[in-house]
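Enquirer:
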Amino acid sequence: MPDGTVKSLSIEGAAKLQGFPDWYKFPNETATAGSIIGYSVPPSFATQLFMSAQSPVESCNCMTNRWTKLRTVLVHLPALG
Numbered sequence: 753m754p755d756g757t758v759k760s761l762s763i764e765g766a767a768k769l770q771g772f773p774d775w776y777k778f779p780n781e782t783a784t785a786g787s788i789i790g791y792s793v794p795p796s797f798a799t800q801l802f803m804s805a806q807s808p809v810e811s812c813n814c815m816t817n818r819w820t821k822l823r824t825v826l827v828h829l830p831a832l833g
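Position one of the sequence shown corresponds to residue 753 (this note's numbering), numbered consecutively onward.
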């Protein structure tokens, strides 16, 4: 802040920015909850990453069945926030 004060994000605020749904419950210990949020991959990013990697993998026909099942799970994830 301009006056030199430092603000920090709440666990709820950080979770919202990372894409966690409002109903997700975190441990009471702030450090543990912060670690869970910090090491997570946002579902929307994971979906986009998977979709971009899918074409090259499917073209080799080596894991098509597994990728198709995983795609089905990712595409049908509930919309978050």
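Cβ coordinates follow ideal geometry from the N, Cα and C atoms, glycine included.
Looking at the structure shown, is P795 part of a helix, part of a strand, or coil, going by DSSP?
Expert: helix
Enquirer: Using the Cα positions of P754 and S762, report the straight-line distance between them to the nearest angstrom.
Expert: About 20 Å.
Enquirer: Quick check on this structure: which residue in Q806, P795, A766 has the alpha carbon closest to the alpha carbon of T782?
Expert: Restricting attention to Q806, P795, A766, the CA atom closest to the CA of T782 is found in A766.
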